[in-house]
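A quick write-up on the structure given underneath.
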Amino acid sequence: MKLLIARHADPDYSIDSLTEVGWKEAALLADRISRLEVAAFYVSPLGRAKDTASLTLQKMGRTAVECPWLREFDAPIRKPGAAEDSIPWDWMPADWTAEPRFFDRRAWADVPVMDAGGVGEKYRAVTAALDELLAAHGYRRQGEIYRAERPNTDTVVLFCHFGVECVLLSHLLGLSPLVLWQGACAAPSSLTTLITEERRQGEACFRMGAFGDTSHLYAGGREPSFAGRFCEMYSLADQRH
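Numbering-wise (our numbering), the sequence shown opens with residue 3 and increments by one.
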């Protein structure tokens, strides 16, 4: 089985849709995905993900199942000394790396700031929904692996968001999501690919073959959008700080 996770294209958050650049990115992504034999499509209920998916679905004459759990990961926290809530992955590097438990896949959600925000509970709800979807496609979670009840080479595509993408990957790869939230960046319209490996009959795992692939953009003569990244150097005032 192949699991493809597509991040929405360049967003206009003010209207929960895409920028002009984003629509061009979504068209190039549609050109790429439409060449594949896809068994099923799933999409976040948020506009920017649905709009990104729409060009692929129109091009292929297909529909997608809307999944509430694929929306951007919604678990606000109140950091020590902060006046307002923020998303759980919006940390300065020196702050989150000072907490060793954030690197531990089994302990990160027990850090008081995460526990107070119910982040672990929401994480478990999302990953349980992912496992339910995978079971419907023949792979049932058992401990740290998946039982290949109906092994197959189907391709399944999820259109979603960077924050929740890291949650899904952390569950499939056995990592703390903080490591992915902070140490990786999937550009708008990028495609992440995981493929099952069944080296012992009936026992499967998901192995990542590509993360945040933007080759479809370069093929179309476009550079990836900057959304999601921070300044490469602090002195670059025109980049996000």
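Where a beta carbon is used, it is the ideal one built from N, C-alpha and C, also for glycine.
A straight-line Cα-Cα distance of about 13 Å links Val-113 and Asp-97. The alpha-carbon separation between Phe-104 and Asp-33 amounts to approximately 39 Å. Excluding residues up to 5 positions away in sequence, Gln-241, Arg-242, His-243 lie with their Cβ nearer than 7 Å to the Cβ of Cys-233 in the same chain. Counting other Cβ atoms within 10 Å of its Cβ, Tyr-236 stays below 16 and is therefore classed as exposed. The beta carbon of Ala-127 lies closer than 8 Å to those of Trp-71 in the same chain, with the five residues before and after it left out.
Between the segment 106-123 and the segment 142-159 there are fewer than three inter-stretch CB-CB distances shorter than 8 Å, so the stretches are not counted as touching.
The segment 33-49 makes contact with the segment 156-165: 3 or more CB pairs, one atom from each, lie closer than 8 Å. Beta-bridge annotation (DSSP): Val-67 is paired with Tyr-44.
In the three-state reduction of the DSSP assignment, Thr-21 falls in the coil class.
Note on the segment 54-134: whole alpha helix (DSSP H) runs with a minimum of 4 residues are 95-98, 114-118, in chain order.
Straight across, the Cα-Cα distance linking Leu-196 with Gly-211 is about 6 Å.
For the segment 205-236, the continuous beta strand (DSSP E) assignments of 3+ residues that do not extend past its boundaries occur at 205-215, in sequence order.
The continuous beta strand (DSSP E) containing Glu-199 extends over residues 193-202. Leu-170: not part of any beta strand (DSSP E); member of the alpha helix (DSSP H) spanning 164-175, first to last residue.
Within its own chain, the residues whose Cβ lies closer than 6 Å to the Cβ of Asp-53, once the five positions on either side in sequence are excluded, are Ser-19, Leu-20, listed in chain order. Sequence-distant partners of Glu-74 (beyond 5 residues in either direction) whose C-beta falls short of 7 Å from its own C-beta, in its chain, are Leu-48, His-163, Gly-165, Val-166. Closest option to Trp-91, judged by alpha-carbon separation, among Gly-83, Pro-102, Ala-85, Asp-76: Asp-76. Under the DSSP assignment, Leu-38 falls outside any alpha helix (DSSP H); it carries neither an H nor an E label. The criterion of a C-beta distance shorter than 8 Å is satisfied by Pro-190 and Ser-227.
Between Ile-35 and Thr-58 the beta-carbon gap is near 5 Å, inside 8 Å, which marks them as a contact. Ser-46 and Glu-68 have their alpha carbons spaced roughly 6 Å apart. The secondary-structure analysis by DSSP pairs Val-158 across a beta bridge with Leu-5, Ala-42.
The Cβ-Cβ distance between Arg-202 and Glu-27 does not fall below 8 Å.
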